[in-house]
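In what follows, a structure is listed as structure tokens, so that the remarks can point back to it.
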Amino acid sequence: MGNVEVAWEDVISVINMMRAHLIIIAAALIAMIVVIIAVRKMERSKRRLFRVQSVLAFLLVTVITLNIAVTGTLYNTLNVVLADKGTLDPSHEENSKRVIEAVTDEGVVMTKNNDSFLPIAPQKINVFGWASTNPIYGGTGSGTVDTTTAIGILQGLQNAGFETNSELSDMYVNYRADRPVISINNGQDWTLPEIPVADYPQEVLDRAKEFSDVAVLVFSRTGGEGTDLPEDMGPIMDGSTMEIGTKYTKGTYTNNSTKYDDFEAGQSYLELSKTEKDLVDMVCGLFDNVIVVYNGANTMELGWTNDYDQIKSVLLCAGAGATGFNALGNIIAGEVNPSGKTADTWLKDLNSAPYINNIGHFAYTNTSDVSDAAKEAWERADGIVSFVDYVEGIYVGYRFYETAAEEGLINYDDTVLYPFGYGLSYTTFEQSMGELQVSDDSISVDVTVTNTGDTAGKDVVELYYNPPYYNGGIEKSSVNLAAFDKTGLLEPGQSETVTLTFDTEDMASYDTYGTGYYVLEQGDYEISLRTDSHTVVDTKTYSVPEMVVYDENKKHNGDVEVADNKFEFAEGNVTYLSRENGFANYSEATAAPTDFELDGTIYGNGTYDPTAYDNADDEMPVTGADNGLEVFDLRGADYDDERWESLLDEITVDEMVNLIAFGGHQNAAVDSVGKIRILDTDGPAGVNSSTLGIFGTGYCSQIILAQTWNTDLAVEYAKAMGEEFSDYHVTGWYAPSMNMHRSAFGGRNFEYYSEDSLLSAEMAKGEVEGAVESGMYPFIKHFALNEQEINRNAFLTTWTTEQAMREIYLKPFEEAVKSYPDGKIAVMTSYNFIGTEWAGSCAPLLKDVLRGEWGFKGMVISDYFGNYGYMDADRAVRGGTDMMLGTAGNEAIMTDLSATSVIAMRNAVKNILYTTVNSSAYENYVPGTIPGWLQTIYVVDAVLAILWVLAEIAVILLYRRDKKKVPVITIEDKE
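In the UniProt record's numbering, the protein residues as written are 1 to 975.
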């Protein structure tokens with residue numbers, strides 16, 4: 001979600017909600033004016049009396065009306081906006097900065113180091129590239145980082161002892177001081193500021209050569225909420241508009257030179273621009289020792305770094321938060337030995353990716369009825385019914401490239417630049433794999449890691465499995481991450497033995513078209529120790545004598561209910577990539593879509609009728625009862641405790657409506673059961689809420705965290721962040737984000753971990769653990785299939801296979817939920833549709849899988865509830881969402897109050913109460929506490945009441961005095 005967008009829409013919503021109150025005040029104002037005009041011919045004392053009384057009456061009506069609004073209509077909105085928010089503890093801020101730097105220490109990846117050029121002693125150093133003066137610290141939207149006090153790349157180098165060439169950096173700042181904006185509301189400016197080579201004064205370059213013989217080249221790429229990175233810069237460069245059925249092109253670009261275009265048609269944002277390429281040529285022509293720093297979360301085409309002998313070293317450093325660039329300086333100086341590993345596969349040519357033709361903007365042409373109704377329901381709705389086909393199925397990232405190479409479809413070395421799990425060190429390691437230790441349900445292996453170099457360092461241990469594949473059978477990747485760990489700091493010559501363990505059922509595949517369950521097929525499973533997804537150290541074999549089916553008799557992965565086919569509706573009319581006959585259908589499956597007509601029915605606002613889904617046999621539940629229970633009485637009670645029903649009987653329908661609707665940045669109060677208001681807010685990069693007006697330390701990107709391959713750091717990362725949330729009295733955390741890096745062009749790749757489901761799951765579990773330990777309930781997000789930002793405000797129908805959903809996209813959520821199924825965490829749904837059903841109302845996802853199979857008992861919130869032409873609170877609640885992320889009600893108010901709807905609301909309220917009463921918000925609960933802002937209102941009301949009474953008395957006394965002064969004229973006097 002994005003804070004700016006929320007604030008704007010909520011302003012509109014507040015005005016709409018206040019319409020009746022404003023009408024009353026306006027009517028009172030008109031009445032006052034009428035009285036003032038009507039009495040103008042009365043004698044002076046009466047005229048003044050009536051006029052003053054009319055003013056006092058208007059003020060009384062206004063104050064009473066505003067009080068009714070404040071304590072009624074606007075109560076929940078004000079309760080979050082005016083909440084008592086604490087202040088940031090300086091010790092917690094310092095701890096955050098320490099943790100951010102520690103994470104970046106291990107999250108920077110060194111991918112090239114010819115001649116062991118790095119590390120170098122602190123010295124004078126030239127830093128080229130405009131981005132060196134304005135680097136990427138994070139992303140945009142909910143993951144925004146406050147950069148005002150953040151340490152930049154130059155400062156990080158200087159803090160490590162390097163002296164940078166200020167003449168170069170001053171030149172870049174003078175060229176452009178601000179970074180082009182990539183914003184949800186303010187458009188996308190994809191400009192990459194860079195001084196053309198022809199504009200570098202020769203004397204500046206001469207002095208740079210004299211200053212140092214070492215050059216650092218910095219390039220950056222940004223991303224953010226609400227947009228994906230352009231895969232074709234051509235239309236942006238020539239100002240083309242978006243057309244139905246074509247690639248998505250949106251935004252602006254300003255060339256750095258009037259003599260040439262930075263990009264040509266067909267080039268992507270993740271390639272070097274011409275100005276950047278010229279800069280590389282110039283720097284490599286001037287210096288023999290060049291270090292390239294790529295500052296971005298999206299995998300860029302970096303094959304050119306191998307084309308220059310002068311480029312000795314390459315470092316990957318995504319958004320480093322407030323202090324992470326200190327780590328970059330310390331790594332170059334050798335104070336820190338890099339130990340990061342890639343969390344994605346880096347390609348030489350992104351156009352070779354199997355997804356490349358199936359990302360972007362594709363819109364249906366036969367859904368005008370839905371589009372028109374959506375636009376009528378919300379004037380800002382895109383009104384587009386669009387789609388994205390996950391044609392690659394389970395073959396995401398390295399799972400495709402390793403399998404395609406084995407099948408002979410691709411030449412691996414020609415295709416892949418850096419494998420998944422790849423990274424260099426200043427030292428060397430030797431890994432030795434022991435024999436498999438097999439129990440009934442798990443496999444363990446000891447791996448001894450020895451530092452064979454001359455520098456202390458850490459190493460990552462990666463274990464993969466290769467399952468037996470039967471041609472035409474269940475789809476399987478030839479390489480799959482099974483387990484991983486990271487050593488401690490090993491001194492030269494020191495060894496450490498790491499034990500890696502995984503469940504045999506982790507190697508099971510989902511058999512959609514056969515048994516309809518997870519199965520572990522008969523055959524030999526190769527268990528391999530690798531330094532990355534491609535480089536094998538050693539291999540052992542584990543044999544399965546006969547197929548194991550994970551059905552009702554043997555459920556998979558601790559499922560409460562059996563995992564079986566539930567998402568046939570999400571496949572659509574799509575040809576999915578298959579390994580059969582060596583990926584024989586590759587060309588057909590990965591081609592761009594040609595069919596733009598939706599086969600099926602999709603509902604949006606104006607076409608969805610909740611009454612059509614009412615159950616005539618449902619009876620209206622009891623509401624507003626007086627059973628003497630408060631929610632605090634059930635703190636620690638089991639979810640199935642019978643007292644919940646008595647408690648729920650006490651809550652009125654209006655209270656249910658408000659609790660469900662006002663779920664943005666808070667969890668609203670419910671007076672009848674003594675439920676207190678609780679604050680929830682963004683974001684994945686630390687406290688970040690313009691709604692609440694609170695901002696904390698900016699944390700490094702999740703991709704940096706994932707590249708550490710250190711789950712202990714993930715726990716520490718979230719715990720430190722949780723201290724800041726606690727300082728601000730915030731309990732609910734809209735994070736962590738655990739969608740997949742399906743595409744290099746994903747706008748929120750900085751906010752997500754990896755292309756791999758297991759690495760993502762383990763890092764997510766670490767963050768969730770740290771959040772829970774710190775007292776937060778995290779909202780794991782975005783559930784599910786939210787890998788594309790383009791058209792997210794439209795009907796974005798996502799088509800995929802059930803096997804891909806279960807093995808790739810749902811896995812991080814599954815692991816996090818199963819770690820904490822009992823209400824200690826929450827879930828945030830996503831904007832997109834799964835097939836033709838909005839994820840926020842998808843019962844197979846939210847009820848059958850999340851609560852049924854996984855046993856989840858916490859609460860589910862929507863992503864920001866902006867209507868968008870398809871969001872409907874009733875639809876959401878019936879489908880399994882409990883609360884709407886709206887701070888001013890918006891369109892989130894439940895309007896259908898049938899028995900069926902109220903029963904669904906009642907269940908949603910239970911999930912909300914169960915999560916919140918067991919949270920840290922109730923650790924120091926004091927019954928009957930009135931919010932501070934409301935106490936102030938009461939005091940102001942009391943003062944105004946006294947003043948009003950005094951004014952009324954004064955007016956009456958003044959009138960009586962004036963009346964006594966008026967002479968009585970009799971008939972006799974006239975005579």
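The beta carbon of each residue, even a glycine, is placed where N, CA and C say it ideally should be.
Since the structure is predicted, the reported quantities are computational estimates derived from the model, not experimental observations.
| Query | Result |
| --- | --- |
| Classification of I244 by the beta-carbon crowding that lies within 10 angstroms, buried from 16 upward | Because I244 sits at a pLDDT of 49, beneath the cut-off of 50, its placement in the model cannot be relied upon, and the following sentence gives the value as read from the coordinates. The residue in question, I244, is exposed, as its Cβ has fewer than 16 Cβ neighbours within 10 Å. |
| G932, DSSP secondary structure in three states | helix |
| C-alpha distance - L958 paired with R47, whole-angstrom precision | 12 angstroms |
| Neighbour-count burial assignment, N658, 16 or more Cβ in a 10 Å radius | buried |
| Sub-7 angstroms separation of V70 and G129 beta-carbons | no |
| Among G360, E491 and L648, nearest to R906 - alpha-carbon criterion | L648 |
| Short Cβ contact (7 angstroms threshold) for D278 with V197 | yes |
| Where N114 falls: helix, strand or coil (DSSP) | helix |
| Of the listed residues G628, V653, G636 and D640, nearest to V622 (C-alpha basis) | V653 |
| Proximal residues to Y175 (C-beta, below 7 angstroms), its chain only, five neighbours per side dropped | W130, P193 and I195 |
| Member of L59, P354 and T829 whose CA lies at the smallest distance from the CA of S578 | P354 |
| Q935 to T691 span [Cα, whole Å] | 21 angstroms |
| L634 in three-state terms, based on DSSP | helix |
| Rounded C-alpha distance that separates N3 from D682 | Note that N3 scores a pLDDT of 42, beneath 50, so its modelled location is shaky; the value from the coordinates is reported in the next line. Looking at the two C-alpha atoms, the distance is approximately 9 angstroms. |
| One or two residues paired with D538 in a DSSP bridge | L529 |
| Between the CA atoms of E106 and Y717 - distance to the nearest angstrom | 13 angstroms |
| 7 angstroms Cβ cutoff met for E751 and S760 | no |
| Cβ neighbour criterion (16 or more within 10 Å) applied to P927 | exposed |
| Member of V181, E276 and E815 whose CA lies at the smallest distance from the CA of G224 | V181 |
| C-beta contact flag for E655 and V631 at 7 angstroms | no |
| Other residues of its chain near T499: CB distance less than 7 angstroms, five sequence neighbours each side excluded | S444 and D446 |
| Touch test, the region 284-293 against the region 265-274, Cβ-Cβ under 8 angstroms, three pairs minimum | no |
| Contact the region 889-900 vs the region 798-813: 3+ CB pairs below 8 angstroms | no |
| Alpha-carbon to alpha-carbon, V293 and K274 | 18 angstroms |
| Collapsed DSSP secondary structure at I244 in the structure displayed | Any answer about I244 is weak, because its pLDDT of 49 lies below 50 and its placement is not dependable; what the coordinates show is given next. Three-state DSSP puts I244 in coil, outside helix and strand. |
| Top-ranked residue by Cα proximity to N739, from T731, G732, V730 and S754 | S754 |
| Rounded straight-line distance, which links the Cα of D307 to that of G770 | 43 angstroms |
| Distance CB(L705)-CB(V127) smaller than 7 angstroms | no |
| Beta-bridge partners of F596, as assigned by DSSP | Answer by DSSP bridge pairing: none, since F596 is not bridged. |
| Cα-Cα separation between D626 and I930, rounded to whole angstroms | 21 angstroms |
| Continuous beta strand (DSSP E) stretch holding A876: start and end | Run containing A876: none in the beta strand (DSSP E); it sits in the alpha helix (DSSP H), A873 to G879. |
| Where S478 falls: helix, strand or coil (DSSP) | coil |
| Contact belief for V860 with D882 at Cβ below 8 angstroms, rounded distance in angstroms | 5 angstroms |
| Spatial neighbours of P521 in its chain, beta-carbon cut-off 8 angstroms, leaving aside the 5 residues before and after | The sequence shown places Glu at residue 521, not Pro. Same-chain partners within the cutoff: P467, P468, Y470, G473, I474, S509, V544 and M547. |
| Limits of the alpha helix (DSSP H) - the one that E210 falls within | Q202 to F211 |
| Among T148, W709, G775 and D228, the one whose alpha carbon lies nearest that of M763 | W709 |
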